[in-house]
Amino acid sequence: MKDNEIESQKMNFTEEIALEYDKSVRHSDRPKILICTPEITELPEGMGNAANIVSAKGGGLGDISASLIRYLNDSKDFELHIVLPMYDNKIKHMAAITNREVDRLAIVLSGKGIHLVNDSAFSYITNPYQQHKIHTSIRRSLAFQRYIINDLLDWIQPDVVHCNDWMTALVPAAAKAKGIKSLFTLHNIFTEKQTLMDIELSGIKPMDFAEYLYYEQFPDDIIHNWQKHFSTNKIDFTASAILACDYFNTVSETFLHELKDNYFADIVPDSIYQTIKLKYEQGRAFGIINAPNDNVNPRLLTNITNFNKLTVIEGKAANKLNFQKKMGLPQDIDIPLFFWPNRLYYQKSPELLADNADYFLKKYKMQIAVVANGDKDMEKKFKDLAQKLPGLAYRKFDDSLSNLGKAAADFILMPSRYEPCGLPQMEAPRFATLPVVRATGGLKDSVEHLDVENNTGNGFSFLIADRAGLEFGITEALKFYSLPIEIKKPILQRIMGESKERFNLKKTAQKYMEIYRNLIAEKQ
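The structure is reproduced here in structure tokens:
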């Protein structure tokens, strides 16, 4: 954010508090929706200038939360409330304000439906999953949920509470005990476990909703036999949320089916598998695919040579030369460029590319560019490969450089072991950059293998995450790249247009709103 923008967003907190404090408990005839999220990249302008400096992102959940909230706010169908941690150090840095003004900010925003959880657990970090010796992620999760469960549910009295991932996973059970309908969205396979005593010591009263939780060993009657289990029988957070919620959704249809069919038995805890299977059998589990932000657009992004469908060939050539220069690759607009758009973690199979990069670069005329952070050993491996292989370049993640990579590359590589949704494979085609993916989860739902003859499809897919599978995807991409420009250009133009229409945030938001309406109807 530029200095002049920061200055323009600073506010006279005393005046705004006077205007907003009396409105802190909102009254309307619209149904109330409370969205609980540990991360968000931005909030809608309609929620006030102060909303612009409240953000935290640890992964894709932050982008999706921001987009969903923007469309819900624009719809005016609901009275919208959002609760998220107050990362006060980040707020002070972005807005150049004092501790006292940060506290006032929380009051101002509560009048606009934005509720910040103020706890020292969030004071020393800038994103939800950052490591801290004292304030562990589980401690932060409990601090976040303590405010929601102890205060916010009773104060707002929402018709529906929408929770996201394990850091909000106790809330559906607490909501159920209070007669509040809930939706739980699973973005990532992760859970934590704590005993009733651990939760009690955090300031939450778990006995108020103990009967709706998922235990390592299920008690016969937890209400009357709680003493036997209080300090020894651990509660699975994510499984508890899935068990207690009224509706459950994953962020792609195929990922839901993979989970309920126990496709990832070596990765997914049995507790999560069993509860998802139960919800699916009850007809209360859905897959709703995410979509990229509307501003992911080759005509709009800064720091790239902007282009559209008519100027796609020239625009991509200019971006390729610029990106190659920044990455230290030989500048050549005619060489196929493959870009890695993901973090370097086990889920994404980065070792599949690292272990075979030398083989691919020797066998095929191509370049590989990686702009990513992640596992430190994997970062070092790609750094070493970049020094050894002239056709491979590596840089740590930089948002601007990553956007340039998507605009410059001919193809992106996504050989994920599993993929709840994924966004790069939906973003890249907007730039006429075609995805090469393993057919799993959201990748399978969003990438159709290209058929040049019939002019259908938008990328290249393979089934097995091994060298042969990845090589199949790469060779299919190279076959397309070798075609004459008069054949490729109309196909790329079609894909650019379809990607914007097919993966649309408005459509995604409408599906969530439909679930909210169903829950409200059930309550009535």
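In my numbering, the protein residues as written are 100 to 623.
All C-beta atoms, glycine included, are put in the ideal place defined by N, C-alpha and C.
Annotated as proximal: Met525 and Ala390, with beta-carbon spacing under 9 Å. When the five nearest sequence neighbours on each side are left out, the beta carbons in the same chain lying within less than 8 Å of the beta carbon of Met266 are those of Pro137, Pro227, Ser236, Arg239, Ser240, Phe243, Gln244, in order along the chain. Straight through space, the alpha carbons of Tyr458 and Gly572 are spaced by roughly 15 Å.
Counting C-beta pairs closer than 8 Å gives three or more between the region 363–378 and the region 333–348, which meets the contact rule.
The residue from Ile322, Asn348, Asn332 with its alpha-carbon nearest to that of Met612 is Asn348. Under the 10 Å beta carbon count, Ile248 is surrounded by 16 or more other beta carbons and is classified as buried. For Glu450, the secondary structure class from DSSP, reduced to helix, strand or coil, is helix. Taking every protein chain shown into account, the CB of Val411 has 16 or more other CB atoms within 10 angstroms, so this residue is buried. Glu575 and Leu522 have their alpha carbons spaced roughly 22 Å apart. For Asp550, the secondary structure class from DSSP, reduced to helix, strand or coil, is strand. In the three-state scheme derived from DSSP, where H, G and I count as helix and E and B as strand, Arg494 is classed as strand. Cα atoms of Gly414 and Arg169: separation of roughly 31 Å, rounded to the nearest angstrom. If the five residues before and after Thr353 are omitted, its C-beta is found closer than 6 Å to the C-beta atoms of Gly540, Lys543, Asp544, all from its own chain and listed in chain order. Ala492 counts as buried, since no fewer than 16 other beta carbons sit within 10 angstroms of its beta carbon. Per the DSSP secondary-structure output, Gln466 pairs in a beta bridge with Leu436. A Cβ-Cβ distance of about 5 Å is found for the pair Ile387 and Lys610, placing them in contact under the 8 Å criterion. Remark: C-beta atoms of Phe283 and Pro271 approach each other more closely than 9 Å. Taking one beta carbon from each stretch, the region 396–409 and the region 481–492 have fewer than 3 pairs nearer than 8 Å; the two do not touch. The shortest C-alpha to C-alpha distance from Asn394 to any of Asn405, Cys520, Ile213 is the one to Asn405. CA-to-CA, the gap between Met306 and Gly473 works out to about 39 Å. Under the criterion of beta carbons closer than 8 Å, Ala471 and Arg442 qualify as touching, at roughly 6 Å.
The region 476–485 and the region 439–456 touch, with three or more beta-carbon pairs separated by less than 8 Å. Looking from the CA of Val367, the closest CA among Asn396, Arg529, Thr337, Cys520 belongs to Thr337.
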